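Working notes for the structure below.
Numbering (my numbering), first residue to last: 2 to 185.
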């Protein structure tokens, strides 16, 4: 039995080696072929060939209220537009349950890295902590996606919107809160 197993192993090894060894026919057919074709440049154009008809999407970051409602959590998503659009962010925040249905951007201005966002409504929440979560979510989402180093002034129907629990400058400017995950 041992002889047969050794013989079988030798046959398998010989067949494997024979299959991997280049043949003279193969060598003859590729002898005149330049090898530079095998090393194509790794460019974005080369990688994206065949994807020309795919929709262009803008990567975005949405801050939504976490499950235990103690803070926010960051979610990555995309908009089916080339650029980040304010109403697109608001629509995603509605989709994530942060903002109420029907929330619309009345205007958005980004001047030298400082934003002014005017919404038709901020929240229907009455609990002060829930209101804070919504406001912090809006501020973090817009300051990150539009790179607002100078902060964000939030308005509701043209009136500056601030709350006591979120620190704001005299003109109402609020800033990204990096301690967003636990606000209690």
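Each residue gets a CB set at the ideal place from its N, CA and C atoms; glycine is no exception. None of these values were measured; they are calculated from a predicted model.
Alpha helix (DSSP H) segment containing residue 142, residue limits: For the purposes of this step, residue 142 is taken as the residue at position 141 of the chain shown. 129-146 is the span of the alpha helix (DSSP H), which, as asked, contains residue 142.
Residue nearest to residue 123 in terms of C-alpha spacing, selected from 110, 151 and 91: As a first step, residue 123 is located in the chain shown; it is residue number 122 there, counting from the start. Residue 91 is the option with its Cα nearest to residue 123.
Length-filtered (4 minimum) alpha helix (DSSP H) runs lying within the stretch 55-100: 87-96
Option nearest residue 87 by Cα separation, candidates 58, 179, 142 and 185: Against the chain shown, residue 87 aligns to sequence position 86. Residue 142 is the option with its Cα nearest to residue 87.
Cβ pair count under 8 Å reaching 3, the stretch 158-171 against the stretch 94-102: no
Residue environment, residue 119, which counts as buried when at least 16 other CB atoms sit within 10 Å: Here residue 119 corresponds to residue number 118 of the chain shown, with the count starting at 1. Result: buried.
Residues near residue 154 in its chain [Cβ-Cβ closer than 8 Å; skip 5 each side]: Start at 1 with the first residue of the chain shown, and residue 154 comes out as number 153. Excluding positions up to five away in sequence, the list reads 115, 116, 117, 118, 161, 172, 173, 174 and 175.
8 Å Cβ shell around residue 67 - same chain, five flanking residues per side excluded: As a working mapping, residue 67 is identified with position 66 in the chain shown. Cβ neighbours of residue 67 beyond the five flanking positions: 73, 74 and 182.
Identity of the residue in 98, 69, 61 and 70 nearest residue 80 by Cα: Looking up residue 80 in the chain shown gives position 79. Minimum Cα distance to residue 80 is reached at 61.
Buried or exposed (CB count within 10 angstroms, at least 16 for buried), residue 70: Taking the chain shown and counting its residues from 1, the one referred to as residue 70 is at position 69. That one is exposed.
Length of the line joining the Cα atoms of residue 168 and residue 76: Mapped onto the chain shown, residue 168 falls at position 167. Mapped onto the chain shown, residue 76 falls at position 75. So the two alpha carbons sit approximately 24 Å from each other.
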